[in-house]
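Data block below; observations after.
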Amino acid sequence: MKKKLKNYIDCSKQDLPSPKQINDFLRHEAIRAGQLIQMKLSDLKSYAIQNSTPPENQDTAYVVAFKVSEDRKQWILVWTTKRLTDSQSKQGRVNHLQVDATYKLLYQGFPYFPVGFSDANKKFFCTFTALCSGETIWCYAGILRAVSQVCSTSRQQYVPDFVMSDADTAIESAVRRYLPKAKIFEKQRRKIKEDFRIVCAAQNTEECDEASTALINHWMTEYASVQRFLEAVDKFRQQWLNRQLFRGWFDAFVPIISTNNGLERLNLEIKCNYTFRERLPLPVFLNEVDLMLNDWSSNIISVPPSTSPTIANGDYQAAYNFWNLKPKYMAINGSYIIQSSTNANSEIDEDNFNELVGFEAADGWEKYVELRSQFYVVQPSTFYCGFYKCSCFSGLKDNVCKHALSLMCKDGLFDYPVEVTDVPLGAKRKRGRKRKATSALVID
584 MKKKLKNYID
594 CSKQDLPSPK
604 QINDFLRHEA
614 IRAGQLIQMK
624 LSDLKSYAIQ
634 NSTPPENQDT
644 AYVVAFKVSE
654 DRKQWILVWT
664 TKRLTDSQSK
674 QGRVNHLQVD
684 ATYKLLYQGF
694 PYFPVGFSDA
704 NKKFFCTFTA
714 LCSGETIWCY
724 AGILRAVSQV
734 CSTSRQQYVP
744 DFVMSDADTA
754 IESAVRRYLP
764 KAKIFEKQRR
774 KIKEDFRIVC
784 AAQNTEECDE
794 ASTALINHWM
804 TEYASVQRFL
814 EAVDKFRQQW
824 LNRQLFRGWF
834 DAFVPIISTN
844 NGLERLNLEI
854 KCNYTFRERL
864 PLPVFLNEVD
874 LMLNDWSSNI
884 ISVPPSTSPT
894 IANGDYQAAY
904 NFWNLKPKYM
914 AINGSYIIQS
924 STNANSEIDE
934 DNFNELVGFE
944 AADGWEKYVE
954 LRSQFYVVQP
964 STFYCGFYKC
974 SCFSGLKDNV
984 CKHALSLMCK
994 DGLFDYPVEV
1004 TDVPLGAKRK
1014 RGRKRKATSA
1024 LVID
C-alpha cells in the first residue's frame, strides 16, 4: 500500500496530495483489496446474537442490547462486561450516569457512545459502550433502557439520580420519557464570563434562580442598546432557565462532578490508542470494542474507583499557607463561615451571611456579587464521611480546597504532613567563605 502511494506521488507532477486525498486513496485501495466490507443490518444482528451470551470471564465483553426501529432506519448496539456492570450498579452514594457521543471512528460516520460514571477524584470509568445510527431520542432511549435493565435486580430497578450529557435536546427528551425521576446536569462547554461564573457558585436551585434573574435584569439594563446581546440573553433564559428538567448547570447541583472532562479524555484515548485516529470499517471496529471493554474491565481491578477524594501534598501546602494568614471564621449551626484570602483579616458580618441566604433578585446583581465574594460556607459533606465541602470555586470543582482542608485539620480530621509543616533552615548559601563582618560604626 505504501509503495503504491509512493509511486503515485512520484509519478504525479502536481503538488503533494492533501490529507483528504490520501485518506480517499487509502479507502479506495481498501475497497479494491476487500478490506472495507459493507455490512448490513442482518450482519449486525448476527453479530449481536453470537456475542449476546454472558461469558464466564468477568472481563470479557458481550452484547446486552441490539434494537432496530420499526422503520428500520435507526438501531443501537450496546456492550459491557460483568465487572463493569457491577461497578456501575455499586458506585458511590450519588448514583449518576454520564453519556456523550464521539465521532470520526468509522468510515460510515456512526456515533460511538461511552457510558459510565466518575469517582471521588473525578476519574471517569466507562462501564457501557454503544454504537448507534445517530444522536436521536430513539437511540438515547435505547441506551438508557439497556443500562437500566442490565443494572437492575429482582429487588430494585436501577434508576440513576443524575444523567450528565451535552446540551442536545434529544437526550433531554429521552430522559424525560424513560427516566422521569432522573435529573440532567449540563456540562459547561462555553467560556463563561466572571458574572456568569458567580452564578455557578450558587449553593442551591433557589439561590441560582434568584441570582440568574438578577443577572438577567442587570444585563438588560447594562446592554439595552445591544440588540444581538439581548437576543442572546433571551436564548439563555429559554435554554437554561425555563427548561425545568435541564437546569442543573450550576456547580453545586451535583456534589461529585461538574463537567464531562473525564469522559472527553476517554474519547481522546480511544482515538489515540485504539483507532489511531483512523476511521475504521465497521467489522474492524466491532473487534476494537471488544478489546476496549476487556482492557477497561481489567484495569478497574488494579485501579478501582475512589470512594473519597484524594488529598495531595500540594493541597495540604495550600491549606497550611492559608491558615497561616489567620483568616477570620465563625461557626453557625454546625457549619463554618470563613473569609476568602483577599479578606482574611476582615471581620465577619453575620448579618451579611443571613442576607446572602435570603437573597432575592430584587436586591440587585451588584449586591449579590458583593455578598457572594465576601466569604465562603464550609460544612460537613453529606457524601464523603469525615470531609468538609466549601462553596468556593475550587471546592465545588475538586471536592477539596484550602478553606475546607484547613478547617478539617483544625478539627483533627486530618493532619498536615511533616514535609509541609517543617520549616526550612534557610536559603541556599553562596559559595566560598563567609564575608568578614563590617564595622558597626564608621568614625570620620
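The sequence shown begins at 584 in the working numbering and counts up one residue at a time. Backbone N, C-alpha and C define an ideal beta-carbon position, used for all residues, glycine too.
- Contact check for I920 against V961 passes: the beta carbons are separated by less than 9 Å.
- V758 is the residue among D669, V758 and D642 whose C-alpha sits nearest the C-alpha of V682.
- Annotation: K603 to A648 spans about 35 Å, alpha carbon to alpha carbon.
- Here K985 carries a helix assignment [DSSP, helix/strand/coil].
- Under the criterion of beta carbons closer than 8 Å, W658 and K665 do not qualify as touching, at roughly 24 Å.
- Per the DSSP secondary-structure output, F696 pairs in a beta bridge with A713.
- The beta carbons of G699 and C709 sit about 4 Å from each other, so the pair counts as a contact at 8 Å.
- The beta carbon of T685 lies closer than 6 Å to those of Y695 and N850 in the same chain, with the five residues before and after it left out.
- Taken through DSSP and simplified to helix, strand or coil, T636 comes out as coil.
- Under the three-state reduction of DSSP, C975 is assigned to coil, being neither helix nor strand.
- When the beta-carbon positions are compared, M747 and L824 stay at least 9 Å from each other.
- In this structure, DSSP gives T685 an extended state, which the three-state scheme calls strand.
- Per DSSP, reduced to three states, the secondary structure at M622 is coil, with no helix or strand assignment.
- In this structure, the straight-line span from the alpha carbon of S880 to that of D642 is close to 5 Å.
- In the three-state reduction of the DSSP assignment, S701 falls in the strand class, which pools E and B.
- Close CB contacts of E933 within its chain, under the 6 Å cut and outside five residues either way in sequence, are absent.
- Judged by beta-carbon spacing, H986 lies beyond the 9 Å limit of S918, meaning their Cβ atoms are not closer than that value.
- Following the DSSP letters along the chain, one finds W658 in no alpha helix (DSSP H) but inside the beta strand (DSSP E) bounded by residues W658 to T663.
- Residue pairing by DSSP places K993 in no beta bridge whatsoever.
- At the C-beta level, V742 and T668 stay beyond 9 Å of one another.
- Residue pairing by DSSP puts S918 in a beta bridge opposite I915.
- Pairwise C-beta distances place the stretch 947-954 out of contact with the stretch 885-905, as fewer than three of them are shorter than 8 Å.
- M622 and P866 have their C-alpha atoms spaced approximately 8 Å apart.
- Per DSSP, the unbroken alpha helix (DSSP H) holding V867 starts and ends at L865 to S885.
- In summary, Q786 is buried, with 16 or more beta-carbon neighbours lying within 10 Å of its beta-carbon over all protein chains present.
- In this structure, the straight-line span from the alpha carbon of Y806 to that of I781 is close to 19 Å.
- Here C973 is buried. Its C-beta has 16 or more other C-beta atoms within 10 Å.
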